[in-house]
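Taking it in order: structure first as structure tokens, then the write-up.
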Amino acid sequence: MIITQTPLRISLAGGGTDFPEFFLQHGGAVLSMAIDKYVYVITKERFDDRIYINYSRKEIVDTADEIKHDLIRETMRKTGITRGVEITTLADVPSEGSGLGSSSSITVGLLNCFYAYKGIQVTAEQLAREAAEIEIDILGRPIGLQDHYVAAYGNLHVFEFQRDGNVGVERLEVSETVKRRLASNLLLFYTGRTRNSYEILAEQQGNIKERVAELCQIREMAFEARAYLLSHSLDDIGRLLARSWEQKKRLATRITTPVIEEMYERAIAAGALGGKLAGAGGGGFLVLYCPSERHGQVRAALSALRELPFLPERYGSKVIFNISRYEWK
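Position 93, counted from 1, in the sequence shown is what numbering that gives the first Met the number 0 calls 92; the numbers after and before it change by one each time, with no gaps.
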């Protein structure tokens, strides 16, 4: 039996510039932080040759080609697992529509689990690259690359998406104390709204040629956020989130709604310096930067919403339990 734990993430700056349609022409950059909310994948050998899959549904099939869960099907094909396994996925937050990168974390976690099941060690770079290939190239999802990379690498990174297709990975050299201060000033509230993120992302993807100026500004905000973190100017991160949100809303029509705008304005009036919807927008989680002395007022202003406390996560996807099928022989 193998169990992997893969973190979710909060994107602080640069989101949208990780689409290949943009960065292969202009270069992209994002600053993302892994958080201590996870996706778990459990893979267990079975006595028979059938494939049992447990998620929000249950599937029992004879071959990988019959699997309806597209991420499980394609990661099994990628890693060469064909039969005789039971696979279970679990998540700390709703697996769809959260804005915290759950689908990419599932893909990275599945790959890590399946490779470990076969006794193969792989790098974070390979996990991120193959997960992106599955979601973007094979399944044709209109998404960027950042979620796969932060799920694989964890921690607090700037990822630079280069014109030649390579990805530069810079782990930010800030202390755990600074990371915890940053996380303590970030509040995460579930809006209670779900959305089809792929519809919003497909529109955003289709608008890239008309939104190059906005995306270039958003890209530069990732480097600006890095400078603020390295100089410990954390409140400036909050103000940057406010500017980033205004730019992000220009990328597609359904990124925000009047109800969400009303939530955001209440938080700002109560003392938050800035914020945005996590991920594609339209619903999911609202991320707010708020100095600690204003937490009470902001929580009171959003008392109807469920808060999700979190801490920064140091590690990317990892195997947390491994009993080899050969261990007792």
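Note that CB positions come from ideal geometry on N, CA and C, so glycine has one too.
Taking the straight line between their C-alpha atoms, what separation do you get for Phe158 and Ala226?
Note on geometry: alpha-carbon atoms of Phe158 and Ala226 lie some 14 angstroms from one another.
**Prompt:** Tyr189 bridges to which residues according to DSSP?
**Reply:** The partner list for Tyr189 (beta bridge, DSSP) reads Phe284 and Arg305.
**Request:** Assuming Leu155 and Met32 form a contact by the criterion Cβ under 8 angstroms, report the distance between their Cβ atoms to the nearest whole angstrom.
**Result:** About 5 angstroms; that satisfies the 8 angstroms criterion.
Contact set for Ile59: own chain, Cβ-Cβ below 8 angstroms, skip 5 residues either direction
Arg49, Ile50, Tyr51 and Ile52, listed in sequence order.
Going by the CB atoms, is the gap between Val40 and Gly108 shorter than 8 angstroms? Contact flag set, yes.
Exercise. Could you say which of Ile217, Pro308 and Ala271 lies nearest to Gly15 if we only look at CA atoms?
Key: For Gly15, the nearest C-alpha among the options comes from Ile217.
ask   = Does the separation of the CB atoms of Leu144 and Val166 fall below 8 angstroms?
value = Yes, they are a contact pair.
Problem - Gln4 - partner residues in DSSP beta bridges - result: DSSP output for Gln4 lists Tyr39 and Lys317 as bridge partner(s).
(request) Quick one: grab the DSSP three-state call for Leu233. (result) DSSP places Leu233 in helix when its eight states are reduced to three.
- Query: How big is the Cα-Cα spacing for Ile1 and Ile322?
  - Reply: Each residue's Cα considered, the two are about 7 angstroms apart.
Comparing alpha-carbon positions, which option in Arg76, Val318 and Gly281 lies nearest Glu198? It is Gly281 whose Cα lies nearest to the Cα of Glu198.
- Between which two residues does the alpha helix (DSSP H) carrying Asn111 extend? That run of the alpha helix (DSSP H) goes Ser101 to Tyr116.
Which residue marks the beginning of the alpha helix (DSSP H) containing Phe22, and which one marks its end? Pro19 to His25 is the extent of the alpha helix (DSSP H) around Phe22.
Checklist entry - Count the other CB atoms within 10 Å of the CB of Trp327; is the residue buried (16 or more) or exposed (fewer)? => result Its pLDDT being 41, under 50, Trp327 is placed unreliably by the model, and nothing is read from it.
Roughly how many angstroms lie between the CA atoms of Val318 and Leu126, to the nearest whole one? In a straight line, the C-alpha of Val318 is about 13 angstroms away from that of Leu126.
Work out the CA separation of Ser316 and Ala63 for me, nearest whole Å.
-> Rounded to the nearest angstrom, the two C-alpha atoms are 24 angstroms apart.
- Message: Quick test of your reading: Lys275 and Val258, contact by CB under 8 angstroms. State the CB separation rounded to the nearest angstrom.
- Response: The Cβ separation is near 15 angstroms, so there is no contact.
Ile142 by DSSP, collapsed to three states: which one? Correct three-state label for Ile142: coil.
**OP:** Return the chain-ordered list of same chain residues with a C-beta closer than 7 angstroms to the C-beta of Ile142, the five sequence neighbours on each side being excluded.
**Re:** Hits under 7 angstroms: Glu134, Ile135 and Leu200.
* Asked: Between Tyr23 and Ala300, what straight-line distance do the alpha-carbon atoms span, to the nearest angstrom?
  -> In the sequence as presented, Tyr is not what sits at residue 23; that position holds Leu. Their Cα atoms are separated by approximately 42 angstroms.
Beta carbon of Ala221 nearer than 8 angstroms to that of Leu30: Taking 8 angstroms as the Cβ cut-off, Ala221 and Leu30 qualify as a contacting pair.
Mind checking which residues open and close the alpha helix (DSSP H) that includes Ile267? Secondary structure note for Ile267: its alpha helix (DSSP H) is the uninterrupted segment Pro257 to Ala269.
*Going along the chain, which residues of its own chain have a beta-carbon closer than 6 angstroms to the beta-carbon of Glu312, five neighbours each way excluded?*
Excluding positions up to five away in sequence, the list reads Pro6, Ala33, Ile34, Asp35 and Gly153.
Enumerate, from N- to C-terminal direction, the unbroken alpha helix (DSSP H) stretches of 4 or more residues contained entirely within the region 116-177.
Runs found: 123-131 and 145-152.
- Query: If you count every other CB in all the chains shown that lies within 10 Å of the CB of Gly79, and 16 or more means buried, which is it?
  - Reply: With fewer than 16 Cβ atoms within 10 Å of its Cβ, Gly79 is classed as exposed.
Original post:
Going straight from the alpha carbon of Glu124 to that of Ala151, what length do you get?
Top reply: Those two C-alpha atoms are separated by around 7 angstroms.
Following the continuous beta strand (DSSP E) through Ala90, name the residue where it begins and the one where it ends.
Ala90 -> beta strand (DSSP E) spans Val84 to Ala90.
With a 10 Å radius around its C-beta and 16 neighbouring C-beta atoms as the bar for buried, classify Thr81 as buried or exposed. Exposed.
Looking only at its chain, what residues have a beta carbon closer than 8 angstroms to the beta carbon of Arg72, apart from the 5 residues adjacent to it on each side?
Ala63, Asp64 and Ile66.
| Residue span of the alpha helix (DSSP H) that contains Gly205, given as start and end | First-last of the alpha helix (DSSP H) with Gly205: Ser196 to Gly205.
Margin query: Run through the DSSP bridge pairs and tell me what Asn53 is partnered with.
Written below: The partner list for Asn53 (beta bridge, DSSP) reads Lys57 and Thr87.
8 angstroms contact criterion, which Gln204 and Phe18 should meet: CB distance rounded = Contact between Gln204 and Phe18 holds, with the beta-carbon distance rounding to 6 angstroms and staying under 8 angstroms.
| query | Do Gly100 and Val149 have their CB atoms nearer than 8 angstroms? | reply | Closer than 8 angstroms, so yes.
### Query
Quick one: what's Ser10 bridged to in DSSP?
Ser31.
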